[in-house]
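Each residue of the sequence shown is one higher than the last, beginning at 31 in my numbering. Beneath this line is the structure, given in structure tokens, with notes to follow.
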Amino acid sequence: MEAGKRTIESIFNKGRTLEIPFFQRSYVWEKENWERFMDDMIMVSSAGKDYFMGALILKSQQVSSEKKIGDWRGCHNLMA
């Protein structure tokens, strides 16, 4: 396992599919959570600052260019 600092762009802008595993699907954000998250992303981006989102676990699948989103609960807890 490799740990490191990544940008949102490096995770989501690679032309690959991200799949949320079944056991994580009950952790769904409401509209207010997404609005706050997007407002924070815009503010941080325009200020040129880093934004800690908690742990995100990605697992590569050798059969495709797919990565799975493992744990966004840390991110949700920061936003709540």
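Yeah, the Cβ is synthetic: ideal placement off N, Cα and C, and Gly gets one too.
Problem set entry | glutamate 62 - DSSP class collapsed to helix/strand/coil | Residue mapping note: residue 62 aligns to position 32 of the sequence shown, counting from 1. Reduced to three states, the DSSP call for glutamate 62 is helix.
For this session: Could you check which residue in Thr47, Glu49, Val74 has the C-alpha nearest to that of methionine 83?
Result: In the sequence shown, the residue the question calls residue 83 occupies position 53. Of Thr47, Glu49, Val74, the residue nearest in Cα terms is Val74.
Exercise. Could you give the distance in angstroms between the alpha-carbon of isoleucine 50 and the alpha-carbon of isoleucine 87?
Worked result: Stepping through the sequence shown from its first residue, residue 50 is reached at position 20. Stepping through the sequence shown from its first residue, residue 87 is reached at position 57. When rounded, the distance between both Cα atoms is 11 angstroms.
For this session: Look up serine 56 in the DSSP assignment and say whether it is helix, strand or coil.
Result: To locate residue 56, count along the sequence shown from 1; it is residue 26. Coil at serine 56, not helix or strand.
For this session: Could you give the DSSP three-state label for methionine 83: helix, strand or coil?
Result: Here residue 83 is taken as the residue at index 53 of the sequence shown, counted from 1. Methionine 83 falls in the coil class under three-state DSSP.
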